[in-house]
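Quick note, the sequences are listed as chains A and B, same order.
To convert, note that position 72 of the first sequence is 72 in the working numbering; the numbers rise steadily by one, no gaps.
Take any residue in the second sequence, note its place counting from 1, add 1000, and you have its number in the working numbering.
Every residue gets a Cβ at the ideal spot worked out from N, C-alpha and C, and that includes glycine.
Remember, predicted model here, so these are calculated numbers, not experimental data.
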Amino acid sequence: MNILAFKNISNLGEEFKLLLQLFANFFSLRQNYRQFVNDVFFTGALSIIIITISGFFVGLVLGLQGYETLKRFGSTEAVGTMVALSLIRELGPVITAILFSARAGSAITAKIGLMKSSDQLIAMEMMSVLPLKKIYVPLFYAGAISVPILTGIFCSVGVLGGYFITVVILGVDSGAFWSQMQNSVDLYHDILNGAIKSVCFALVINLIAIYEGTISKPTADGVSRAVTNTVVISALSVLAVDFILTSFMFTGA
Amino acid sequence: MIKKNIISFDKVFFGYNQKKILDGVSFNLPQGTITSVFGSSGAGKTTILKLISGQSFPNSGTIIFDKFEFSNLGLNKKKLYKARSRMGLLFQFGALFTDLNVFDNIAYPIRENSNLDEESIHDLVRIKLNAVGLHDIDNMMPEHLSGGMARRVALARSIALDPFLLMYDEPFTGLDPLSVQIISKLIKQLNDSLGLTSILVSHDIKTSLEISDNIIVLSNGKIVCNTTPDKIASIYGEKFLEFFGGFTKNNKGKFMKSIGLL
């Protein structure tokens, strides 16, 4: 038990060290912008389909549940507000982050783990190239760009899903749906805070994904364990960070 | 004429977790020679390559490569990378970058370590590919290459920066007999034509003996033999070379036991 606790604390220390190195090497992106663009595609563009489909279904469910609940109080016109605020403040950033960790975080860990097990990282170092600058930094910041954009897509498609189920299928007034939403969603308080959340989640997920890749054992079993760790630890960390951020951002509002 | 030593090991000790891997190893690699290192698995052969390339540092003793001294104090990154730019390492299975095609794999170290324009890089890659006897495979991805071809592409990549020390980690492992012959000839050819110094870690003793100038045998972390291939037979009996030539029934003598192969 003590050994496990020591190992976890030591891992946290190593992760923090890696985080500082990633921040300190931010400007190396200038030399590796091509890699950065590739990584935005790898982590972001390839996640669009899963994000879009999930966003649509979450919007459908939110609309349906919201409509049924609000009907009891005779205020079904407020369903647009409910869908939008739930998505922008909470569900959008969190679900996008969890889906991102499952799709892109796992891919990042697998990529680094396989590069390690096939000696590609050492080969790189033998050519006087630092994997930190060449591989980790572009991946880290590519995620930080991708997740907020994906969150925006998720929320937008989610709102459309909510519109489809409530307005098109259940007959809520279209004008009321949009106008109530416009009146209640605040650019800074809701959208900006949602964006800040998604950036924080992206940094957490990418840090965990990169770290797990670098410490993975160079075996098939080692890489698969590292990928599993990335998804599990990222999902739990996102929920924990979400609680902390929400308690600062939205309490008392 | 006395040849300059490219690598000097002086009483090098290395181990971890209380496990001794190298126990006071000393040897020199003269310029222009090919040295083969033999020994059973875990004898410390690959550790020697890791110490030369600065992937690990000795617990005590010194390693001198060119003007660089590796000791238990390590070496700062700048110096280490400068030293590494003068050496090449062929990994056991090539370690080609799987996301890059053949051309980009060979061009990678050149792009990262020079400011040459794309045209010059193109010409250099062509020269390196010719040196390993490969043509018209620029756009092939590593997964489409045979084992022997992948090893040759990796060899072309490891000579991309014109190193003067080339290290080979099990270069014949997993190859068919024809590819083994091609790779062994290439090692000899490149060493002679480019004026390299080579160190080879291998289990394929017969092939290694054919191309080596020096032999080092490790056992339990110590050097038990450091000599030339022609002298090794007289030291360990005439049947020795026969044995490694394929006559596996005749000689199970002292030497084989000492290197842990029996």
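Query raised in the report: Which runs of the alpha helix (DSSP H) fall wholly inside the segment 1028–1080 of chain B and span at least 4 residues, in chain order?
Result: Within the segment 1028–1080 of chain B, the complete alpha helix (DSSP H) runs of at least 4 residues are 1045–1052.
Review point. Should residue 232 of chain A go down as buried or exposed, given a rule of 16 or more other Cβ atoms within 10 Å for buried?
Key: Label assigned to residue 232 of chain A: exposed.
Residue from A:115, A:179, A:240 and A:187 whose Cα sits closest to the Cα of residue 223 of chain A: The residue with the shortest Cα to Cα distance from residue 223 of chain A is A:115.
_Suppose you measure from the CA of residue 1019 of chain B to the CA of residue 195 of chain A; what does that come to, to the nearest Å?_
The alpha-carbon separation between residue 1019 of chain B and residue 195 of chain A amounts to approximately 52 Å.
What is the DSSP secondary structure of residue 237 of chain A, reduced to helix, strand or coil? Helix.
_Whether residue 151 of chain A touches residue 96 of chain A by CB criterion (8 Å)_ = A contact, by the Cβ cut-off of 8 Å.
Would you check if there are 3 or more beta carbon pairs closer than 8 Å linking the segment 77–95 of chain A to the segment 155–163 of chain A?
Yes: at least three Cβ pairs fall under 8 Å.
Considering residue 1114 of chain B, what are the terminal residues of the beta strand (DSSP E) in which it resides?
Neither: residue 1114 of chain B is in no beta strand (DSSP E) and is coded neither H nor E.
> Does residue 32 of chain A come within less than 8 Å of chain B when only Cβ atoms are used?
Replying inline: For residue 32 of chain A, the answer is no, since every Cβ of chain B falls outside 8 Å of its Cβ.
For this session: Could you name the residues of chain B that residue 123 of chain A contacts, counting a contact when the two beta carbons are closer than 7 Å?
Result: Result: 1091 and 1095.
| request: Pull up the CB-CB distance for residue 1198 of chain B and residue 1043 of chain B, whole angstroms please, since I reckon it's below 8 Å. | output: With a Cβ gap of about 20 Å, residue 1198 of chain B and residue 1043 of chain B do not count as contacting.
Strictly below 9 Å CB to CB, what residues from chain A border residue 1085 of chain B? 127 and 128, listed in chain order.
By DSSP, does residue 199 of chain A sit in helix, in strand, or in coil? Assigned with DSSP and collapsed to three states, residue 199 of chain A falls in helix.
Contacts that residue 1171 of chain B makes with chain A (C-beta to C-beta distance below 9 Å): Neighbours of residue 1171 of chain B on chain A: none; closest Cβ ~14 Å, over 9 Å.
Within chain B, partners of residue 35 of chain A - CB distance below 8 Å: Within chain B, no C-beta atom comes less than 8 Å from the C-beta of residue 35 of chain A; the nearest is roughly 10 Å away.
Within chain B, the residues that residue 279 of chain A reaches when beta carbons sit closer than 8 Å: Residue 279 of chain A falls outside the range modelled here, since chain A spans only 1 to 253, and no answer is possible.
Exercise. Alpha carbon to alpha carbon, how far is residue 1106 of chain B from residue 159 of chain A?
Worked result: CA-to-CA, the gap between residue 1106 of chain B and residue 159 of chain A works out to about 50 Å.
Could you tell me the alpha carbon to alpha carbon distance between residue 1239 of chain B and residue 1169 of chain B, rounded to whole angstroms? Summary for residue 1239 of chain B: the model assigns pLDDT 48, below 50, so the residue's position carries little reliability; its value from the coordinates is reported in the next sentence. Computed Cα separation, rounded: 27 Å.
*When the distance is taken between beta carbons, is residue 85 of chain A closer than 8 Å to residue 76 of chain A?*
Going by C-beta atoms, residue 76 of chain A is not nearer than 8 Å to residue 85 of chain A.
* I think residue 209 of chain A touches residue 88 of chain A, with their Cβ atoms under 8 Å apart; what is that distance to the nearest whole Å? -> So it is not a contact: roughly 25 Å between Cβ atoms.
| request: With DSSP collapsed to three states, give me the class of residue 1241 of chain B. | output: Interpretation of residue 1241 of chain B is limited by its pLDDT of 49, a score under 50 that renders its predicted location unreliable; the figure taken from the coordinates is listed afterwards. In this structure, residue 1241 of chain B counts as helix in the three-state DSSP scheme.
- Query: What residues are listed by DSSP as bridge partners for residue 1198 of chain B?
  - Reply: Answer is B:1034 and B:1166, bridged to residue 1198 of chain B.
Check your understanding: Which whole runs of the alpha helix (DSSP H) in the segment 154–237 of chain A are 4 residues long or more, in chain order?
Key -> Scanning the segment 154–237 of chain A for uninterrupted alpha helix (DSSP H) segments of 4 residues or longer gives 174–184 and 193–215, listed from N- to C-terminal end.
Chain-order list of residues whose beta-carbon lies under 6 Å from that of residue 1188 of chain B (same chain, five-residue window excluded):
Around residue 1188 of chain B: 1211.
Considering only residues of the same chain and omitting the five flanking positions on each side of residue 1246 of chain B, which have a CB-CB separation below 6 Å?
Confidence at residue 1246 of chain B is low in this model, with a pLDDT of 41, below 50, so the placement of that residue should be treated as unreliable; the coordinate-derived value is given next. By the criterion of a C-beta distance shorter than 6 Å, residue 1246 of chain B is surrounded by no residue of its chain, once the five residues flanking it on both sides are discounted.
- Query: Hey, quick one: how far does the alpha helix (DSSP H) through residue 1016 of chain B stretch, first residue to last?
  - Reply: Residue 1016 of chain B: not part of any alpha helix (DSSP H); member of the beta strand (DSSP E) spanning 1005–1016, first to last residue.
#### Entry: Neighbourhood of residue 216 of chain A by C-beta distance below 6 Å, restricted to the same chain and skipping five residues each side
Same-chain partners within the cutoff: 113, 222, 223 and 226.
Q) For residue 131 of chain A, which residues of its own chain have a beta-carbon under 6 Å away from its beta-carbon, when the five flanking residues on both sides are left out? A) Scanning its chain for C-beta atoms nearer than 6 Å, with the 5 sequence neighbours on each side dropped, one finds around residue 131 of chain A the residues 121 and 124, in chain order.
| Excluding the five sequence neighbours on either side, which residues of its own chain have a C-beta within less than 7 Å of the C-beta of residue 13 of chain A, listed in chain order? | Contacts found: none.
Discussion item. Only counting the same chain, and skipping five residues up and downstream in sequence, which positions put a Cβ closer than 7 Å to that of residue 1041 of chain B?
Written reply: Sequence-distant partners of residue 1041 of chain B (beyond 5 residues in either direction) whose C-beta falls short of 7 Å from its own C-beta are missing from its chain.
Hey, is residue 1053 of chain B's beta-carbon within less than 8 Å of any beta-carbon in chain A?
Yes, contact with chain A.
* If you draw a straight line from the C-alpha of residue 1181 of chain B to the C-alpha of residue 1124 of chain B, how long is it? -> CA-to-CA, the gap between residue 1181 of chain B and residue 1124 of chain B works out to about 26 Å.
Query raised in the report: Listed in chain order, which residues of the segment 1105–1133 of chain B have Cβ atoms closer than 9 Å to some Cβ of chain A?
Result: Residues passing the 9 Å Cβ filter: 1108, 1109, 1112 and 1113.
- prompt: Among all the DSSP beta bridges, which residues are the ones paired with residue 1302 of chain B?
  reply: In the structure displayed, chain B extends from 1001 to 1262; residue 1302 of chain B sits before or after that span and is not available.
In chain A, which residues lie with their C-beta within 7 Å of the C-beta of residue 1081 of chain B? Those are 128, listed as they occur along chain A.
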